[in-house]
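Working notes for the structure below.
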Amino acid sequence: MKLIGSKIALFLAFVAAIAVFAGCSDNSGSAQTGAGKIAPVVTVDSDVETSVSTDHVTIEPVPDSQDMSFRLSTADGSLSHTWTTFAEYDPSAPFTPGKYVAEGYFGSAQNEGFETPYFYGRTEFELREDEIARPEILCTLGNTMMTVDFDPSVTDYFKDCEVTLHSHGGGFVVYAPGEHRQAYLRPGDIDVSVALTLPDGKSCDFLLTTIPDAKAAYSYVMSLSAHTDGENPVITISLDDRIESDDVSVELTPAFIAGVVPPIYCSGFVSGVPVHVAEGTTPSERVTMKVERNGLRSLILTVDAPSLLATGWTDEINLLDASEAMTTLMAKDGLRQTTSADGVMEVDFTDVVGRLRADDGDVRSMFALRAVSSAGQMSEPAVLEISIGSVDVDLLAVTPATVGVDEATMTVECHVADAIDNVSVELFGDDRQWKAVKIDEVIPTTQSGRYILRFRVPDGTTALNARLLYCGAVRAETKIGRVSPKFSIAIDAFARKAVVRIEPEDEALLEVITRKVAIYNGDEMLWGVTRTPENGEITVTGLTDATAYALRATVMESPSENDFTQAVGFTTEKALPLPNGDFEEVKNAIDWRDMPSGGRYSQDIVEIFNRQNFMTWKADAPDKWANVNAKTFCTSAQRPNTWYMQPSAQSVRDAYSGSYAVRIDNVGWDTDGKAIADYLQEGMPYVAYSKVVPDVAYRAVGKLFLGSYSFDASSLSERYEEGIGFTSRPASLNGFYKFSPSASAPSQTGMALVEVIGTGTDGAVDIIASGRVLLEPATGYTAFSIPLSYMQFGVKAVGVRVMLAASPDIGDIPFETRTTPTVPQLEQAAMLGSTLWVDGLTFSY
């Protein structure tokens, strides 16, 4: 496959862009709704403004309108095509409505001399729907015309005589006696110089005058005469009365004639003989001009190089008096000027040649150097003519850019040595501007003249408009597609979310894929996602529990079916509730009538111990939850007494919502408490309780937890079976609490703990998520939340543990006895510590 890469390809692209029915079999145009047609009307006007003394001027040749070349362009200049003659143009071709520029021309503005007229006309117009536009193009002469009359006083006296006409920026046209044809020159300033050979054989060449602002379609006449009857001959140029310059006379004194102007020596080329180079390359040997600088008034460089003039070069430059800005510009474009110790100045054009550009086919660029002596004599011009050959650069293939890698390649063909260095690539950006990209590597292939250009493209997933350029000229336009990196997905489904794991073929692309990937459920893109690129995971939220899904992924913004990964089906977990999390389900936990509360005490100071307080317990506890009441309110205690038996968890009416909450207390307890001594009142006021505080052997942290608990009073051993079967993975445990610390430990906190249990692929049971929060003192119900993070991908839950405790210092009996502060409460006859109230426990998903 060979992509468009030639000049004719640009025409094809132009036609494709503006011809709306290209290839339509109906040539009548009746079906081409909306299209317009362009039928230009071309007129050639050969009229020329002449001097009063001239009756008529004949232009040879004058072209017929059908012989004119025709160029049609869009008004913005983005598309253009040229027909060699109007006869080749088909006025029935349909075009898209819009603004256009039509041009007609014959000959070339660059060609000067005899019988080289240049005609040109241009018009702008607008093509409307279903209309025929008839733009009128008036083509007039684009040259200025000149003739020189040699008076017999010149031809009779001098052995030889000729006039050289030089338009600034143009060439040199020699006008000799006997020539009567019109010389066609570029409009503008024109130098007139004369070369004379005197009767004694001596010769001189000098600038007579400069005609200012010669106009196009004007015919000018000048006369050269001599006065030889004086001591020295005088040469006079008489100018056309329309030229705003006086006649000029020069006396040819012996000193003037004896003046010497140094010749200009050429190296690497022959003056006036074209040097052929491929566009963007330099000659095989250096091309230079050298001249003796001493005694020069000026050194005039004529520049006829459109690509340089467009950058700011002027067409006539005195190198001996050029501005700093111009000298800098010329040096930037490769012109090297050096002067040796013996005064020889060298002007090196080699690198400048590499900056010259071709347009259509071969383009001639010219540099001429003339030395002018202090006496005014002028050297023969040294002319470096460059014939620039167009370089064929073809775009053969384009590789798409992999998203995340963001690198593309173009395979190009170019058979000119070193020309590949002038190849560039531009991309059309979001700002609707073409911007060059850096070519990171040029890789020669095994096929001669073929190269692979490797370059980076901007981050993104949409195709890019690109073009290949040679020396800044567009040679081909194309699109750089985007392809997805190869990857698959794995899914860990929770109840209301799913974690999607990216599994790329190239691990180096893990993060970039994760940042760009979009997750779809079927054809619907899911928006609720969070990303952890370093782990290659995307969390999709907003799912429904116990629901089937089939997710697939893509990094492309407008994906086709081939851009997706294979869909992965799954069913979300059920959002299981926390059993009796609101504590509204209660069961009888303690039922004891008339338990002694403290020891006996006297009524007054008389030692009659006839008073004994009693406590009747009838307490509930949350159903489906375990506690340690079997230990702290051990019904098999040796001496039942409130000092030795206290509930550590019970349902209470002081609720955040609903009817019940749970109260959890740190308490003292003793299954083998000693007999309590009687208490004799010490004096008034008398109290209604015993002030005797017995030795309570143990302390316990009040707890409420999922699971079961057993206590053996005979061995003082306990057994916790924490956790219940649970097959969902909640995101957090939430609830409300109050906490009152023990008076002896005001900085103490309560605690809530949750652990999710899972079974890995190896069958081992492990904690897959956990969290704990310390519950600071709070006099009113306060919200708390424990977030849960699951770090083991794909490990499902088999159980859950939740524990609420009135202290974080939980352990075995000896540990809690050492670390749990309590205070004796005489009226209640109990060892009491901190108290935690909890209500409204829920799992969120």
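Residue 349 in this note's numbering is what sits at position 342 of the sequence shown, and the numbering runs on without skipping anything. Cβ coordinates follow ideal geometry from the N, Cα and C atoms, glycine included.
- Contact check for residue 460 and residue 417: beta-carbon distance about 5 angstroms, within the 8 angstroms limit, so the pair qualifies.
- Under the three-state reduction of DSSP output, residue 205 falls in the coil class, being neither helix nor strand.
- Assignment of residue 513 by DSSP, reduced to helix, strand and coil, places it in the coil class.
- By the beta-carbon neighbour count (other beta carbons within 10 angstroms, threshold 16), residue 569 is exposed.
- Boundaries of the alpha helix (DSSP H) harbouring residue 333: 331-339, taken from the DSSP string.
- Classified as buried, residue 286 has 16 or more neighbouring CB atoms from the shown chains inside 10 Å of its CB.
- Secondary structure remark: continuous alpha helix (DSSP H) runs of at least 4 residues inside the segment 503-586, in chain order: 517-523.
- In this structure residue 166 is not in contact with residue 214, their Cβ atoms being roughly 21 angstroms apart against a cut-off of 8 angstroms.
- According to the DSSP secondary-structure assignment, residue 229 is paired through a beta bridge with 155.
- Of 229, 767 and 746, the smallest CA-CA separation from residue 840 is found for 746.
- Residue pairing for residue 173: DSSP places it in a beta bridge opposite 179 and 198.
- Between residue 92 and residue 74, the gap from beta carbon to beta carbon is short of 7 angstroms.
- Under the 8 angstroms Cβ criterion, the segment 758-769 counts as touching the segment 801-812, having at least three qualifying pairs.
- DSSP, read as helix, strand or coil, puts residue 131 in strand.
- A distance below 7 angstroms separates the beta carbons of residue 282 and residue 393.
- DSSP places residue 162 in the helix class (H, G or I) of the three-state scheme.
- For residue 820, the enclosing alpha helix (DSSP H) covers residues 820-826.
- Distance from residue 111 to residue 49 at the Cβ level is roughly 5 angstroms; contact confirmed, criterion being Cβ atoms closer than 8 angstroms.
- Note on geometry: alpha-carbon atoms of residue 359 and residue 312 lie some 10 angstroms from one another.
- Boundaries around residue 262 are those of the alpha helix (DSSP H), 261-265, since no beta strand (DSSP E) includes it.
- Excluding sequence positions up to five before and after residue 823, its CB lies within less than 6 angstroms of the CB of 706, 707 and 708, all in the same chain and listed in chain order.
- According to DSSP, residue pairing for residue 344 in a beta bridge involves 354.
- By the 16-neighbour rule on beta-carbons within 10 angstroms, residue 652 is buried.
- Exclusion of the five residues before and after residue 670 leaves 657, 659 and 844 as the residues of its chain whose Cβ lies within less than 6 angstroms of its Cβ.
- Boundaries around residue 480 are those of the beta strand (DSSP E), 480-487, since no alpha helix (DSSP H) includes it.
- In the DSSP annotation of this structure, the continuous segment of the alpha helix (DSSP H) that includes residue 638 starts and ends at 636-639.
- A Cβ-Cβ distance of about 6 angstroms is found for the pair residue 597 and residue 640, placing them in contact under the 8 angstroms criterion.
- Residue burial annotation: residue 827 is buried, with at least 16 other C-beta atoms found within 10 angstroms of its C-beta.
- Around the Cβ of residue 122, a 10 Å sphere holds fewer than 16 other Cβ atoms; the residue is exposed.
- With 16 or more other CB atoms across the displayed protein chains lying within 10 angstroms of its CB, residue 673 is buried.
- DSSP assignment within the segment 671-742 yields the following whole beta strand (DSSP E) runs of 3 residues or more, N-terminal first: 705-707, 710-712, 714-719 and 724-729.
- Bounds of the beta strand (DSSP E) holding residue 376 are 370-380.
- With distances taken between CA atoms, residue 499 lies nearest to 801 out of 43, 410 and 801.
- When beta bridges are read from the DSSP output, residue 832 appears opposite 837.
- Of the other Cβ atoms in all chains shown, fewer than 16 fall within 10 Å of the Cβ of residue 691; this residue is therefore exposed.
- Its chain contains 738, 739 and 778 as the residues whose beta carbon lies nearer than 8 angstroms to that of residue 794, once the 5 sequence neighbours on both sides are disregarded; these appear in chain order.
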